[in-house]
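A.B. asks:
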Amino acid sequence: MVSLAGLIGRPVFGPDGREIGRLVDVVVRHGEETYPPVSGLIVKIANSKSFINGARIAVLTPSSITLSSARINLETFSRRPGESLLDADVLDHQIVDVDGLRVVRTSDLYLAPFNKEIRVVGVDISFMSFLRRLFPGSISRRPTPEHVLDWASVASLTDSTGVVRTSATRSALSQLRPADLADLIEDLAGREQGALIEMLDPALAADVLEEMEDDELEGLLRGLTAESSAKLLTHMEPDESAEVLRDLEEEHRESILSAMEIGTAKRLRELVSFDEELAGGIMTTHILIVKSSDTVATALRLLVENRERESSDGVVVVDGKGKLLDHIQTVELIGATPSSLVSELMAKPFPTAVTINTPINEVVEEFSNNRGSSIIVIDEKNKPIGRILADDLVDALSQNRNRFTQGGVSRS
Amino acid sequence: MSNITIPSGRKLRIAAFLAVMGPGVIAGLSDDDPAGITTYSQLGAKYGYRMLWVLVISTFALIVFQDLGARIGVVTRQGLIGLVRQKYGARAGSFSAVALILANVGTMTAEFAGVAAAGQLFGISRYVTVPLTGFLISALVLRGTFKKAERVFFLLSAVFISYIVAGFMAHPHWGEALHGMVVPSMPFTRDAVNIATATLGTTLAPWGLAFIQSYAVDKRLTRADLKLLRADVWVGSALTGIIGFFVIVTCAATLNAEHITNITDASQAARALQPLAGTLAKDLFAIGIIGAALLAASILPLSTAYSVGDLTGSPAALDDKFDEAPLFYLTFAAITVVAGGLIMIPGISLIWILISSQVLNAILLLPLLAYMFGIARDKKLMGEFTAGKRALTLYGVIIAIVAVCVLAQFWFIFKL
């Protein structure tokens, strides 16, 4: 095992034992493999930095590298996507210790031949290893692997593209709870935040975003490209992403919306334009609509298709013109004959609905009158366009209360 | 959002806290600690109004670099020392940590010296006051009851605002004061250079820079909070300068006019408050000194311990247990014990400690400012907040001024 920190600045020899130059940095390639292989070396030869392919490393010792051929390729190094420089990007930088759920600093990295290539196998985060590096000479190069994390259990977040793609890390991250991930992300700096988010599966990332604080989220989105932001916001519940978008500056919001699929963007634009104090501003547009002439089987299929959504506790029934008739619970649908028509299940009490312009306090009144878990929002033509769930209302109310209690303290 | 109430509540508290007593104001008032007051008093007593311009430059430098520190903290989410390690490597990180620790031990010693001097005004020996203070601070900070105590210290140190009243009552020569502020002049003597360097070092103190940055990181302040934080930093820094100005002016109008040009103990410095407080001047001075010393002495070891944690990559907090964060507690203890021990060396001059510790501050400031300069221009770290050409020129000029002072200081040390 070779200490990377000790190796930097050491001589690189040709096959004849003559010194070619000094090691500046080690380049690794992140792919689907757990332990990233060394793809090349950056070596200072005379006064310029050159790239030497990793395949030409013949001997690797803690204090020097010997190459298999003396041919020097004098092209300057340009970083390709998915590569990172171990000294410039990883050593002494913050990394995420996925098992320990914390942000730590890299004291050293250990290289070892493994599976035909030289690879990064471990990350040292101990204070002793850090102190060891302060000493001159060979002490600084001796590996002190007391607190070494397996490379597979860390998320290093800095390379040219901002993302270190290690499949093992990604799967480890996906095991974490969204709330824990949100805490980790809030601990990181802007660039690293974006990198970590982009490592996650979009659906999980959206959950994490929903757990983050408003200010943090706004800062995070500012660091991401419009395309990535658009992708994440599309995966969030429409009312939640509308709330986020509403808080952004107009220019920023437009850049994200224009990167979205047209239909989604249109729906979100509409939601954003609604006043937060009115029903339209807090509703979710995700409702399942069936016609009264549809069969129970059709309605159930629709429910199954949308089972991931929180609004799947029932369907909204409309007439041929799309006007609201009833809301039917999933339980009722399951109990009915699949071939029967939805209209046969319709019965009193018919759902009360509010319009998009109903003030929140009236929505609250409606809720307490009919004791349901949700309320349907209709437009001027009596067509259902969204629902307000009890938890949306709770969010909206607590937010308002805070706004009132903040009173004179302006935080714009 | 499903958990909107909690963050809003937290934000509300931060907003309210920042508005009343933000980190910038704390750092600002702590800058007017015993070392600060003594240095400013000495400047006014010895040189009257003519070296006020040193304070003007120092205050300006303080505003500029505290503002930068706040920005670096918010944008990078890392403390100063951790960033230096990341950007410049393990040795540079350790070097900056050692510089900060040395400067902070020096300043901590000055805080103890302040308490000792105030105690002596009432005839209480430093061998009683210093250990007592060390014990009191450790107990308050480590037991987590610091927040309440902080307010008390803060109020006590606000006694120094009475220098503003005293300044007016002493009927200073405003014309000369204005002249001294804008027309730089000083005798090129070892003593004048010493006091100018100390003024710079006490105003733009290294610990203040590290403190403001780690405060922003620790409280997880975001870009949305930056406006408020910067306002707080500007107010706090300006307050340092304003109080400093009145201390100098008051001393110039009283001590210097009475030909007391070399302050050798606290009772002489306290006489500057006589136009306001008459025979109570001594008491007022003592209360202020003790308040400011305790306020700064509570923050200093904590801020230093935080920076050391930042270097190792495991920023510790007060709610960690000893075996979770041994380094944090050891640093805290070491700073307090070493500083307290230095003060108890028999026969050591308190005034000498007060001034020299601030000269040391200025010397150790130099590498830290240079690192901050490097971080400010780093696009990878600062993103859209990367300093432009004009800002960098400003930082460069200030660093050059500090360098000139330090060089002049060394020139006198080795020449004479």
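Chains A and B, in that order, are what the protein sequence lines are.
Going by the working numbering, the first sequence opens with residue 23, and the numbers climb by one from there.
Going by the working numbering, the second sequence opens with residue 10, and the numbers climb by one from there.
Note that the Cβ used here is the ideal one computed from N, Cα and C, for glycine as well.
(1) If you compare alpha carbons, which of A:Lys405, A:Asn392 and A:Thr352 is closest to Ile378 of chain A?
(2) Taking a cut of 7 Å between CB atoms, which residues from the segment 142-173 of chain A lie near chain B?
(3) I want to see whether chain A comes within less than 8 Å of Thr402 of chain B, judged by CB atoms only; does it?
(4) Find the nearest neighbour of Thr208 of chain B within the set B:Val65, B:Ser312 and B:Val114, judged by alpha-carbon distance.
(5) Starting from Asp130 of chain A, trace the beta strand (DSSP E) both ways and give me its first and last residue.
(6) Between Leu29 of chain A and chain B, is there a C-beta pair that is closer than 8 Å?
(7) Could you give the residue range of the alpha helix (DSSP H) that holds Asn370 of chain B?
(8) Measuring CB atoms only, is the segment 373-388 of chain A touching the segment 289-304 of chain A, in the sense that at least three cross pairs come out at less than 8 Å?
(9) Taking only beta carbons into account, state which residues of the segment 282-315 of chain A come closer than 8 Å to chain B, listed in chain order.
(10) Give the residues of chain A in contact with Ser103 of chain B, contact being defined as C-beta atoms less than 7 Å apart.
(11) Mind pulling the beta strand (DSSP E) runs of 3 or more residues that sit fully within the segment 73-121 of chain A?
(12) Quick one: residues in its chain with C-beta nearer than 6 Å to the C-beta of Ile278 of chain A, no 5 flanking neighbours on either side, listed in chain order?
(13) By the DSSP assignment, the alpha helix (DSSP H) with Ala205 of chain B in it spans what residues?
(14) What residue from B:Thr118, B:Ile422 and B:Gly397 has the CA that sits closest to Leu309 of chain B's CA?
(15) Would you tell me roughly how many angstroms separate the C-alpha atoms of Glu259 of chain A and Pro373 of chain A, rounded to the nearest one?
(16) Does the count of Cβ pairs from the segment 406-425 of chain B and the segment 95-111 of chain B closer than 8 Å reach three?
(17) Along chain B, in chain order, which residues have C-beta atoms closer than 8 Å to that of Gly241 of chain A?
(18) Skipping 5 residues on each side, what residues in its chain have a beta carbon closer than 8 Å to that of Leu416 of chain B?
(19) Any beta-carbon of chain A closer than 8 Å to the one on Thr340 of chain B?
(20) Suppose you measure from the CA of Gly356 of chain B to the CA of Gly115 of chain B; what does that come to, to the nearest Å?
(21) Once DSSP output is grouped into helix, strand and coil, what is the label at Arg127 of chain A?
(22) Can you look up His182 of chain B in the DSSP assignment and give me helix, strand or coil?
(23) Quick one: what does DSSP say Pro165 of chain A is sitting in, helix, strand or coil?
(24) With respect to the beta strand (DSSP E) encompassing Thr3 of chain A, which residues constitute its N-terminal and C-terminal limits?
(25) Relative to the C-alpha of Gly189 of chain B, which candidate in B:Arg239, B:Gly392, B:Leu92 and B:Leu52 has its C-alpha closest?
(26) Taking the continuous alpha helix (DSSP H) assigned at Phe337 of chain B, which residues delimit it?
(27) Out of curiosity, what's the CA-to-CA distance linking Ile352 of chain B and Tyr136 of chain B?
(28) In this structure, does DSSP put Arg32 of chain A in helix, strand or coil?
(29) Got a sec, what are the start and stop residues for the beta strand (DSSP E) Gly408 of chain A sits in?
(30) Should Ala342 of chain B be listed as close to the ligand ZN, given that the test is whether its C-beta is under 7 Å from any heavy atom?
(31) For Lys388 of chain B, which of helix, strand or coil comes out of DSSP?
(32) Could you confirm whether any beta carbon from chain A is found closer than 8 Å to the beta carbon of Thr313 of chain B?
(33) Apply the 10 Å Cβ neighbour rule to Lys55 of chain B and answer buried if 16 or more other Cβ atoms are within range, or exposed otherwise.
(34) Flag Arg239 of chain B as yes if its beta-carbon sits less than 8 Å from any beta-carbon of chain A, otherwise no.
(35) Report yes if the CB atom of Leu82 of chain A is closer than 8 Å to the CB atom of Ile140 of chain A, and no otherwise.
(36) Are the beta-carbon atoms belonging to Phe136 of chain A and Val145 of chain A less than 8 Å from one another?
C.D. replies: Let me lay it out:
(1) Mapped onto the first sequence, residue 378 of chain A falls at position 356. Closest option to Ile378 of chain A, Cα to Cα, is A:Lys405.
(2) Ile147, Phe149, Phe152, Arg155 and Leu156
(3) Here the question's residue 402 of chain B lines up with position 393 in the second sequence. No - not a single Cβ of chain A is within 8 Å of the one on Thr402 of chain B.
(4) Working through the second sequence from its first residue, we reach residue 208 of chain B at position 199. With distances taken between Cα atoms, Thr208 of chain B lies closest to B:Val65.
(5) Numbered from 1 along the first sequence, position 108 holds the residue referred to as residue 130 of chain A. Per DSSP, Asp130 of chain A belongs to the beta strand (DSSP E) from Asp130 to Phe136.
(6) Here residue 29 of chain A refers to the residue found at position 7 of the first sequence. By this cut-off, Leu29 of chain A is not an interface position.
(7) The residue given as residue 370 of chain B occupies position 361 in the second sequence. Its alpha helix (DSSP H) spans residues Leu359 to Ala385.
(8) yes
(9) none
(10) Here the question's residue 103 of chain B lines up with position 94 in the second sequence. By Cβ distance, chain A contributes Leu156.
(11) 79-83, 86-89, 105-107 and 116-119
(12) One-based indexing of the first sequence puts residue 278 of chain A at position 256. If we look at Ile278 of chain A and ignore the five residues flanking it on each side, its Cβ neighbours are Ala248, Ser251 and Ala252.
(13) Start at 1 with the first residue of the second sequence, and residue 205 of chain B comes out as number 196. From DSSP, the alpha helix (DSSP H) with Ala205 of chain B extends over Arg199 to Thr212.
(14) As a working note, residue 309 of chain B is residue 300 in the second sequence. The option with the nearest alpha carbon to Leu309 of chain B is B:Thr118.
(15) Position 237 of the first sequence, counting from 1, holds the residue named residue 259 of chain A. Position 351 of the first sequence, counting from 1, holds the residue named residue 373 of chain A. Roughly 23 Å between the two C-alpha positions.
(16) no
(17) As a working mapping, residue 241 of chain A is identified with position 219 in the first sequence. Correct list: Thr231, Arg232 and Ala233.
(18) Mapped onto the second sequence, residue 416 of chain B falls at position 407. Close CB contacts of Leu416 of chain B within its chain, under the 8 Å cut and outside five residues either way in sequence, are absent.
(19) Walking along the second sequence from the start, residue 340 of chain B turns up at place 331. With 8 Å as the cut-off, Thr340 of chain B does not count as an interface residue toward chain A.
(20) Start at 1 with the first residue of the second sequence, and residue 356 of chain B comes out as number 347. Start at 1 with the first residue of the second sequence, and residue 115 of chain B comes out as number 106. Approximately 18 Å, taken between the alpha carbons.
(21) Numbered from its first residue, the first sequence carries residue 127 of chain A at position 105. The answer is strand: DSSP assigns Arg127 of chain A an E or B state.
(22) Against the second sequence, residue 182 of chain B aligns to sequence position 173. Coil.
(23) Working through the first sequence from its first residue, we reach residue 165 of chain A at position 143. DSSP places Pro165 of chain A in coil when its eight states are reduced to three.
(24) In this structure chain A extends from 23 to 434, so residue 3 of chain A is not present and cannot be described.
(25) If you number the second sequence from 1, residue 189 of chain B lands on position 180. The option with the nearest alpha carbon to Gly189 of chain B is B:Leu52.
(26) Position 328 of the second sequence, counted from the first residue, corresponds to residue 337 of chain B. Counting along the chain, the alpha helix (DSSP H) containing Phe337 of chain B begins and ends at Pro335 to Ile352.
(27) Residue 352 of chain B sits at position 343 when you count from the first residue of the second sequence. Residue 136 of chain B sits at position 127 when you count from the first residue of the second sequence. Going from the Cα of Ile352 of chain B to the Cα of Tyr136 of chain B covers about 9 Å.
(28) As a first step, residue 32 of chain A must be located in the first sequence, where it is residue number 10. Coil at Arg32 of chain A, not helix or strand.
(29) Residue numbering aside, residue 408 of chain A sits at position 386 when the first sequence is read from its first letter. Looking at the DSSP string, the run of the beta strand (DSSP E) that includes Gly408 of chain A is Pro406 to Leu411.
(30) In the structure on display, the ligand ZN does not appear, and there are no ligands present to speak of.
(31) Walking along the second sequence from the start, residue 388 of chain B turns up at place 379. Lys388 of chain B falls in the helix class under three-state DSSP.
(32) Here the question's residue 313 of chain B lines up with position 304 in the second sequence. False, the Cβ-Cβ gap to chain A never drops below 8 Å.
(33) Sequence index remark: in the second sequence, residue 55 of chain B carries index 46 (1-based). The residue is buried, with at least 16 neighbouring Cβ atoms inside 10 Å.
(34) Mapped onto the second sequence, residue 239 of chain B falls at position 230. It does not; no Cβ of chain A falls within 8 Å.
(35) One-based indexing of the first sequence puts residue 82 of chain A at position 60. One-based indexing of the first sequence puts residue 140 of chain A at position 118. Yes, Cβ-Cβ distance for Leu82 of chain A and Ile140 of chain A is below 8 Å.
(36) For the purposes of this step, residue 136 of chain A is identified with residue 114 of the first sequence, where counting begins at 1. For the purposes of this step, residue 145 of chain A is identified with residue 123 of the first sequence, where counting begins at 1. Not in contact: Phe136 of chain A and Val145 of chain A (Cβ atoms no closer than 8 Å).
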